[in-house]
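Peer 1:
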Amino acid sequence: TVLLTLGPTRDPWDAVRYLSNSSSGLMGACLAVSAWMRGAVVKVVCGPNAFDLPPGIETHPVTTARQMSEAAADLWPGADIGCCTAAVCDFRPVPPRGVEAGQKLKRRSLAGDLPVISLEENPDVLKGLGLSKRSDQTLIGFAAETGDLLGQARLKLDEKRLDLVVANRVDLPGSGFDSPTNSVTVLDRNGRSEQWPELPKPEVAWRIWDLLRHL
Ligand code: CTP
């Protein structure tokens, strides 16, 4: 049984405005479908605008990071493998002062002052799974980086108690968010690493499941 998170999260500021990102969910969808084709029971917690997955895959649609965290934590004890691909927003906006829940901030009410948006921290879904991981479970994470790819990925492998981390640059063409291809380096808990060329995301997904056999 494989548990996957995919897509962006979306945290509202008021009734019509929100904080999110441009994740397409494609990498996670490729991992979900390829795990399912290889015979796994697949459970997906997906953010808004994610792909339509085949009916054989159990999907749990969520919107906010806190909803994703709760849904993933509930499903984790029943999974053998966890894989977090979701681009979870690390911060959520604090609703504007004086605006009731479910209401819209009116421009007229500002009296010339621009609103200042404050943020508060969201849970780290993957780290939560890592902290409660049993010895019979395997956990895979991604590392979306703009700078020191390998150093940051190794830190995430340790801090989130992962078995495998898939590191990708999100500031290069042909890789990362909203791209049909990805160029990744995979690092495992035993210190092994492999750098793969730019590949279509379905092929990256297939290779990730192949790698688990050698962990
Ligand atoms: N992740 C998560 N929940 C979060 C943030 C990240 O589950 N609130 C997961 C992602 O799905 C990914 C991994 O953690 O598998 C790394 O995400 P990334 O965005 O690269 O890094 P962060 O942990 O958010 O750290 P930073 O933004 O500082 O690089």
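At the far end of the sequence shown sits residue 210, using the working numbering, and the numbering has no gaps. Note that beta-carbon positions come from the ideal geometry of N, C-alpha and C, so glycine has one too.
Helix, strand or coil for Ser188? Go by DSSP, reduced to three states.
Peer 2: Residue mapping note: residue 188 aligns to position 193 of the sequence shown, counting from 1. Ser188 falls in the strand class under three-state DSSP.
Peer 1: Could you check whether the Cβ of Asn117 sits closer than 7 Å to any heavy atom belonging to the ligand ADP?
Peer 2: Ligands displayed in this structure: the ligand CTP; the ligand ADP is not among them.
Peer 1: In whole angstroms, give me the CA-to-CA distance for Leu210 and Thr80.
Peer 2: As a first step, residue 210 is located in the sequence shown; it is residue number 215 there, counting from the start. As a first step, residue 80 is located in the sequence shown; it is residue number 85 there, counting from the start. Each residue's Cα considered, the two are about 19 Å apart.
Peer 1: Between Pro197 and Asp173, what straight-line distance do the alpha-carbon atoms span, to the nearest angstrom?
Peer 2: Taking the first residue of the sequence shown as position 1, residue 197 is located at position 202. Taking the first residue of the sequence shown as position 1, residue 173 is located at position 178. Going by the C-alpha atoms only, they are around 14 Å apart.
Peer 1: Between Met63 and Thr141, how many whole angstroms is the CB-CB distance? I'm expecting something under 8 Å.
Peer 2: Mapped onto the sequence shown, residue 63 falls at position 68. Mapped onto the sequence shown, residue 141 falls at position 146. About 23 Å separates the two Cβ atoms, so there is no contact after all.
Peer 1: Does the ligand CTP have even one heavy atom less than 7 Å from the beta-carbon of Phe137?
Peer 2: Here residue 137 is taken as the residue at index 142 of the sequence shown, counted from 1. Under cutoff, so the answer is yes.
Peer 1: Is the beta carbon of Lys101 within less than 7 Å of some heavy atom of the ligand CTP?
Peer 2: By 1-based counting over the sequence shown, the position of residue 101 is 106. Because no heavy atom of the ligand CTP lies under 7 Å away, the Cβ of Lys101 does not count as near it: no.
Peer 1: Tell me which residue opens and which closes the alpha helix (DSSP H) that Val199 is part of.
Peer 2: The residue given as residue 199 occupies position 204 in the sequence shown. That run of the alpha helix (DSSP H) goes 196 to 207.
Peer 1: Between Ala67 and Val120, is the Cβ-Cβ spacing less than 8 Å?
Peer 2: Taking the sequence shown and counting its residues from 1, one reaches residue 67 at position 72. Taking the sequence shown and counting its residues from 1, one reaches residue 120 at position 125. In contact: Ala67 and Val120 (Cβ atoms closer than 8 Å).
Peer 1: Let me make sure I understand the geometry here. Which of Leu207, Ala74, Pro90, Gln147 has the alpha-carbon closest to that of Lys212?
Peer 2: The chain is shown only over -4 to 210; residue 212 falls outside these bounds and no answer can be derived.
Peer 1: Decide if Met22 is buried, meaning its Cβ has at least 16 other Cβ atoms within 10 Å, or exposed.
Peer 2: To locate residue 22, count along the sequence shown from 1; it is residue 27. Burial call: buried.
Peer 1: Compute the Euclidean distance between the alpha carbons of Leu70 and Trp191, then round it to the nearest angstrom.
Peer 2: One-based indexing of the sequence shown puts residue 70 at position 75. One-based indexing of the sequence shown puts residue 191 at position 196. Each residue's Cα considered, the two are about 31 Å apart.
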